[in-house]
Structure formats: structure tokens, C-alpha cells
Amino acid sequence: MSGHPDEAVEDFQKTLATSKEQRLLAWSHIYLGRCSIWSVTRRSPGEYKEALAVRDGQLDTRWPLNGA
2 MSGHPDEAVE DFQKTLATSK EQRLLAWSHI YLGRCSIWSV TRRSPGEYKE
52 ALAVRDGQLD TRWPLNGA
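Residue numbers (my numbering): 2 to 69.
Below, the structure written as C-alpha cells:
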């Protein structure tokens, strides 16, 4: 949102590498997926599957991702 997508990606990746909180992990994967929609790599389906794999138990991190 600040216009620095590379910094956002780095921050989400740092969160994935250091956090143990399931909710942060799930949302970091979701936002990495969203960031990658606009990138050349197009990794979003993989990130969405990772978000589902975290299983934080909350509906907002499962839907609408379960079709990804």
C-alpha cells in the first residue's frame, strides 16, 4: 500500500521465517500471494496453499482460498 512492494515481500518473508503465530503465518502467505499477482513470478497459488496449510482455524484465512 505504501508503493514499496519489494519491501513488503521482504517483511512478509521475515515474518514467515521468524514467527510461530499461526495467524501471522497464514496472513503472510495470503499477502505474499496477493503481492505476487502483480509480479512476474506469479507464485500466488503456492502461497495460498501454504496459507491453508497453516491451519490457524479462522474462517477468514480459509475462504475464499480453498479454491486456490
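Glycine included, every Cβ here is placed at the ideal spot set by N, Cα and C.
From a predicted model like this one, the values you see are computed outputs, not experimental measurements.
| query | By a C-beta neighbour count over all protein chains shown, 10 Å radius and 16 as the cutoff for buried, is Leu60 buried or exposed? | reply | Taking every protein chain shown into account, the CB of Leu60 has fewer than 16 other CB atoms within 10 angstroms, so this residue is exposed.
| Simplified DSSP assignment, three categories, for His30 | Here His30 sits in helix by DSSP.
| message | Quick check on DSSP: helix, strand or coil for Arg24? | response | In the structure shown, Arg24 sits in a helix (DSSP, three-state: H, G or I).
| query | What do you reckon, are the CB atoms on Thr62 and Ala27 nearer than 9 angstroms? | reply | Cβ atoms of Thr62 and Ala27: closer than 9 angstroms.
| task | Within its chain, find whatever has a CB closer than 6 angstroms to the CB of Glu51; leave out the 5 residues flanking it on each side and keep chain order. | result | His30, listed in sequence order.
| Can you give the Cα-Cα distance for Asp12 and Gln23, rounded to whole angstroms? | Asp12 and Gln23: Cα-Cα distance of roughly 16 angstroms.
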